[in-house]
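2 protein chains.
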Amino acid sequence: MEIICVGNELLIGKTLNTNALWMAKRSTSLGVMVKRITVVGDDVEEIGVVVTEALKRKPQFVVTTGGLGPTFDDKTLEGIAKALKRKAEVNDKALKMVREKYEALAKEGRIERAELTPPRVKMARLPKGAKPLNNPVGTAPAVRVEIGRTVLVALPGVPSEMEAIFEESVVPLLRKESGNVTFFEASIFADNIMESILAPLIDHAMHDNEFVYIKSHPKGEEKTPHIELHFSTTSKDGKSAKDKLGKAIMQLSEFIEKNGGKVRVQKKSQ
Amino acid sequence: MEIICVGNELLIGKTLNTNALWMAKRSTSLGVMVKRITVVGDDVEEIGVVVTEALKRKPQFVVTTGGLGPTFDDKTLEGIAKALKRKAEVNDKALKMVREKYEALAKEGRIERAELTPPRVKMARLPKGAKPLNNPVGTAPAVRVEIGRTVLVALPGVPSEMEAIFEESVVPLLRKESGNVTFFEASIFADNIMESILAPLIDHAMHDNEFVYIKSHPKGEEKTPHIELHFSTTSKDGKSAKDKLGKAIMQLSEFIEKNGGKVRVQKKSQ
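In order, the protein sequences belong to chains A and B. Anchor point for the first sequence: position 104 equals 104 in the numbering used here, and the numbering is continuous, going up by one each time. Anchor point for the second sequence: position 138 equals 138 in the numbering used here, and the numbering is continuous, going up by one each time.
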């Protein structure tokens with residue numbers, strides 16, 4: 001799976017990319033690995049290039065977020081159309097979704113008129129052959145299109161909308177793909193031992209625990225080492241996964257203590 | 001400029017990418033625009049591919065972060081060497097930097113032995129022709145290499161180390177490149193007006209204020225719209241930049257109020 005995040009606010013350092021974190025975590029928890037995350041600005045050409053490149057790598061899924069709204073700088077669908085060399089045109093089903101949203105808002109007295117102004121119609125302009133997906137939270141439909149074996153889904157950038165559509169329309173696809181494989185993880189923390197001394201110990205523990213991946217994350221200062229050791233594995237069977245992680249954790253903990261380090265179960269408070 | 005972030009922790013949704021935010025913000029503030037951010041895992045092949053692709057686009061700068069440490073999963077330098085089709089080999093200057101760091105730590109009694117074990121020597125294995133950069137905070141040197149007109153800098157992933165080296169070794173390059181152009185930004189917040197009604201007003205204000213970019217960020221719920229309007233421009237002249245932003249803000253505020261919206265200077269508290 002690849003994630004593409006669209007938005008100048010991410011490139012100017014205005015907005016922290018919490019959408020990428022959320023999607024990566026959710027997909028991983030369902031056993032689908034994210035191979036790449038790309039952040040690109042609100043530019044049709046650039047979006048087109050990034051989508052074209054992602055599709056060339058033939059991932060199972062490409063999920064984009066951002067750029068689906070009514071303003072001039074919402075350019076994701078145009079960029080995807082460009083990448084697919086298809087026209088973007090008003091999709092009847094999408095237009096019906098948008099119309100119903102505004103009619104409901106007018107009925108509740110939230111807006112004066114429900115009329116389909118050009119910025120509202122814009123949200124229903126999909127690449128030819130794409131299908132709109134229900135947005136249970138906002139007005140802009142999400143979009144799904146298949147290209148060969150790849151399913152491309154375009155989600156809005158507003159986190160509450162992105163998450164709701166992801167749960168409703170993307171999670172079922174991921175579950176089907178991964179066949180109930182789940183991701184398991186656990187961390188321990190090592191004090192008083194430098195990463196350069198840990199390195200061969202990690203190698204050893206990974207060699208002995210074939211399906212467990214161990215990664216060290218230095219957290220403290222150079223001079224008072226405090227290192228997170230993150231253990232992860234994927235499995236269909238929760239019990240065996242936890243046993244594997246437990247065995248690797250025990251072994252590496254012993255190595256660390258033999259080398260003068262101390263093992264904690266929780267992060268040291270700052 | 002392009003940013004490449006290396007680390008499985010970013011792809012499994014374990015770690016929020018604050019490094020990308022920091023670098024994007026810092027570069028933008030110096031007038032250097034980030035065009036793309038790519039996140040890739042701890043995999044030599046993948047890192048090699050991502051670096052190769054970035055170099056093909058011939059940006060002025062490519063800055064990578066992560067994967068410079070002593071453990072087996074620190075693979076960035078090997079990946080860069082692959083992309084450059086050069087060997088990675090022990091660099092004398094880098095090795096001297098690493099040795100001096102460990103000797104100092106041993107002198108202070110922080111570690112028992114300063115000997116250059118293989119994991120420590122690994123941090124001095126640079127792509128041929130690359131130069132080490134001083135790391136004022138940690139042990140792993142950063143790396144600089146020129147490819148045609150592109151300067152590639154590889155920084156560690158530990159935020160304090162990344163930031164210190166960026167300030168010391170990257171900021172001077174960016175300043176030289178941008179020639180004292182600076183980025184200016186300001187936000188206002190609009191209530192009681194939907195984004196689809198704002199859209200043509202933003203178009204109008206941007207048309208009348210040529211060098212100002214305006215982007216809307218919905219913050220509230222669909223039914224009680226609260227929208228941030230972010231104004232930005234780049235200029236060598238602070239006074240004229242602020243005048244331009246001020247003029248655009250005044251104009252759009254008037255449009256919003258004429259259309260039944262309310263303008264705030266600060267974000268609505270939740």
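Note that the Cβ used here is the ideal one computed from N, Cα and C, for glycine as well. These numbers come from a predicted model, not from an experiment.
Three-state class that DSSP yields for residue 232 of chain B in the structure shown: Sequence index remark: in the second sequence, residue 232 of chain B carries index 232 (1-based). Note: residue 232 of chain B maps to strand in three-state DSSP.
Amino acids of chain A, ordered along the chain, whose beta-carbon sits closer than 8 Å to that of residue 16 of chain B: Walking along the second sequence from the start, residue 16 of chain B turns up at place 16. Those are 16, 17, 18, 21, listed as they occur along chain A.
What does residue 272 of chain B pair with, by DSSP beta-bridge criteria? Limits of chain B in this structure are 1 at one end and 270 at the other, which puts residue 272 of chain B out of reach.
Quick one: is residue 161 of chain B buried, meaning 16 or more other Cβ sit within 10 Å of its Cβ, or exposed? Numbered from its first residue, the second sequence carries residue 161 of chain B at position 161. Label assigned to residue 161 of chain B: buried.
Let me know the secondary structure DSSP gives residue 151 of chain A once reduced to three states. Against the first sequence, residue 151 of chain A aligns to sequence position 151. It is a strand residue.
Nearest to residue 141 of chain A by alpha carbon, out of A/197, A/111, A/92? Stepping through the first sequence from its first residue, residue 141 of chain A is reached at position 141. Measuring from the Cα of residue 141 of chain A, the nearest candidate turns out to be A/92.
Determine, using beta carbons only, whether residue 62 of chain B and residue 182 of chain B come nearer to each other than 8 Å. Locating residue 62 of chain B in the second sequence gives position 62, where the first residue counts as 1. Locating residue 182 of chain B in the second sequence gives position 182, where the first residue counts as 1. With contacts defined as CB atoms closer than 8 Å, residue 62 of chain B and residue 182 of chain B fail to qualify as a contacting pair.
Given that residue 70 of chain A touches chain B, what residues does it touch there, using C-beta distances under 7 Å? Along the first sequence, read from residue 1 onward, the residue named residue 70 of chain A stands at position 70. Those are 195, 196, 199, listed as they occur along chain B.
From which residue to which residue does the alpha helix (DSSP H) around residue 210 of chain B run? Translated into positions along the second sequence, residue 210 of chain B becomes position 210. Looking at the DSSP string, residue 210 of chain B is not in any alpha helix (DSSP H), and its letter there is neither H nor E.
Since residue 39 of chain A meets chain B, which of its residues come closer than 7 Å, beta carbon to beta carbon? Stepping through the first sequence from its first residue, residue 39 of chain A is reached at position 39. Contacts between residue 39 of chain A and chain B, judged by CB atoms closer than 7 Å, involve 36, 37 in chain order.
I'd like to know if residue 215 of chain B contacts chain A, where contact means its C-beta is closer than 8 Å to some C-beta of that chain. To locate residue 215 of chain B, count along the second sequence from 1; it is residue 215. It does; some Cβ of chain A falls within 8 Å.
If you follow the beta strand (DSSP E) that residue 92 of chain B is part of, which residue opens it and which one closes it? Locating residue 92 of chain B in the second sequence gives position 92, where the first residue counts as 1. Secondary structure note for residue 92 of chain B: it is in no beta strand (DSSP E), and the uninterrupted alpha helix (DSSP H) holding it is 92–107.
Output, in sequence order along the chain, the residues in the stretch 145–179 of chain B whose CB is closer than 7 Å to any CB in chain A. Going along the stretch 145–179 of chain B in chain order, one finds 158 with a Cβ nearer than 7 Å to chain A.
Classify residue 207 of chain A: buried if its beta carbon has 16 or more other beta carbons within 10 angstroms, exposed otherwise. Locating residue 207 of chain A in the first sequence gives position 207, where the first residue counts as 1. Residue 207 of chain A comes out exposed.
By alpha-carbon positions, which one of A/32, A/17, A/87, A/16 ends up nearest to residue 176 of chain A? Locating residue 176 of chain A in the first sequence gives position 176, where the first residue counts as 1. Nearest C-alpha to residue 176 of chain A: A/32.
Which partner residues of residue 158 of chain A appear in the DSSP bridge assignment? If you number the first sequence from 1, residue 158 of chain A lands on position 158. In DSSP, residue 158 of chain A forms no bridge with anything.
Apply the 10 Å Cβ neighbour rule to residue 97 of chain A and answer buried if 16 or more other Cβ atoms are within range, or exposed otherwise. In the first sequence, residue 97 of chain A corresponds to position 97, counting from 1. Buried, since its Cβ has 16 or more Cβ neighbours within 10 Å.
Since residue 182 of chain B is in the beta strand (DSSP E), which residue starts that stretch and which ends it? Looking up residue 182 of chain B in the second sequence gives position 182. Residue 182 of chain B -> beta strand (DSSP E) spans 182–191.
Starting from the beta carbon of residue 120 of chain A, find every residue of chain B whose beta carbon is closer than 7 Å, and list them in chain order. Mapped onto the first sequence, residue 120 of chain A falls at position 120. Residues of chain B whose Cβ lies closer than 7 Å to the Cβ of residue 120 of chain A are, in chain order, 196.
Can we say the stretch 223–231 of chain B touches the stretch 182–194 of chain B, given the rule of at least three CB pairs closer than 8 Å? Short answer: they touch.
If you count every other CB in all the chains shown that lies within 10 Å of the CB of residue 243 of chain A, and 16 or more means buried, which is it? Position 243 of the first sequence, counted from the first residue, corresponds to residue 243 of chain A. By the 10 Å Cβ count, residue 243 of chain A comes out exposed.
Contact with chain A by residue 261 of chain B, beta-carbon distance below 8 Å: For the purposes of this step, residue 261 of chain B is taken as the residue at position 261 of the second sequence. Cβ-Cβ to chain A under 8 Å: no for residue 261 of chain B.
With distances taken between CB atoms, is the gap from residue 6 of chain A to residue 47 of chain A smaller than 8 Å? Walking along the first sequence from the start, residue 6 of chain A turns up at place 6. Walking along the first sequence from the start, residue 47 of chain A turns up at place 47. In this structure, residue 6 of chain A sits near residue 47 of chain A, with a CB-CB distance shorter than 8 Å.
Taking the alpha-carbon positions, what's the residue 24 of chain B to residue 239 of chain A distance? Stepping through the second sequence from its first residue, residue 24 of chain B is reached at position 24. Stepping through the first sequence from its first residue, residue 239 of chain A is reached at position 239. Distance from the CA of residue 24 of chain B to the CA of residue 239 of chain A, rounded to the nearest whole angstrom, comes to 43 Å.
Alpha carbon to alpha carbon, how far is residue 201 of chain A from residue 134 of chain B? The residue given as residue 201 of chain A occupies position 201 in the first sequence. The residue given as residue 134 of chain B occupies position 134 in the second sequence. Spanning the two alpha carbons is a distance of roughly 28 Å.
What is the rounded straight-line gap between the Cα of residue 17 of chain A and the Cα of residue 51 of chain B? Along the first sequence, one-based indexing puts residue 17 of chain A at 17. Along the second sequence, one-based indexing puts residue 51 of chain B at 51. Going by the C-alpha atoms only, they are around 22 Å apart.
So what's residue 61 of chain B in DSSP terms, helix, strand or just coil? The count along the second sequence starts at 1 and reaches residue 61 of chain B at position 61. Here residue 61 of chain B sits in strand by DSSP.
Rounded Cβ spacing between residue 205 of chain A and residue 251 of chain A (contact assumed at less than 8 Å): Start at 1 with the first residue of the first sequence, and residue 205 of chain A comes out as number 205. Start at 1 with the first residue of the first sequence, and residue 251 of chain A comes out as number 251. About 5 Å; that satisfies the 8 Å criterion.
From the DSSP output, which residues share a beta bridge with residue 216 of chain B? Here residue 216 of chain B refers to the residue found at position 216 when the second sequence is read from its first residue. For residue 216 of chain B, which the question treats as bridged, DSSP gives the partners B/229.
Comparing alpha-carbon positions, which option in B/260, B/209, B/35, B/72 lies nearest residue 248 of chain B? Position 248 of the second sequence, counted from the start, is the residue given in the question as residue 248 of chain B. Cα-wise, what sits closest to residue 248 of chain B is B/209.
Would you tell me roughly how many angstroms separate the C-alpha atoms of residue 241 of chain A and residue 262 of chain A, rounded to the nearest one? Looking up residue 241 of chain A in the first sequence gives position 241. Looking up residue 262 of chain A in the first sequence gives position 262. Straight-line Cα distance between these residues: approximately 25 Å.
Is it the case that the Cβ atoms of residue 214 of chain A and residue 189 of chain A are separated by a distance below 8 Å? Working through the first sequence from its first residue, we reach residue 214 of chain A at position 214. Working through the first sequence from its first residue, we reach residue 189 of chain A at position 189. A distance of 8 Å or more separates the beta carbons of residue 214 of chain A and residue 189 of chain A.
With residue 26 of chain A as the anchor, note down where its alpha helix (DSSP H) starts and where it stops. As a first step, residue 26 of chain A must be located in the first sequence, where it is residue number 26. Under the DSSP assignment, residue 26 of chain A falls in the alpha helix (DSSP H) whose first and last residues are 18–29.
Give a yes or no on whether the minimum CB-CB distance between residue 9 of chain B and chain A is below 8 Å. In the second sequence, counting from the first residue as 1, residue 9 of chain B sits at position 9. So, interface residue.
Taking just the CA atoms, how far does residue 77 of chain B sit from residue 44 of chain A? Taking the first sequence and counting its residues from 1, the one referred to as residue 44 of chain A is at position 44. Taking the second sequence and counting its residues from 1, the one referred to as residue 77 of chain B is at position 77. When rounded, the distance between both Cα atoms is 33 Å.
Looking at C-alpha atoms only, which residue of B/152, B/127, B/184 is the closest neighbour of residue 90 of chain B? Taking the second sequence and counting its residues from 1, one reaches residue 90 of chain B at position 90. Considering only alpha carbons, the answer is B/127.
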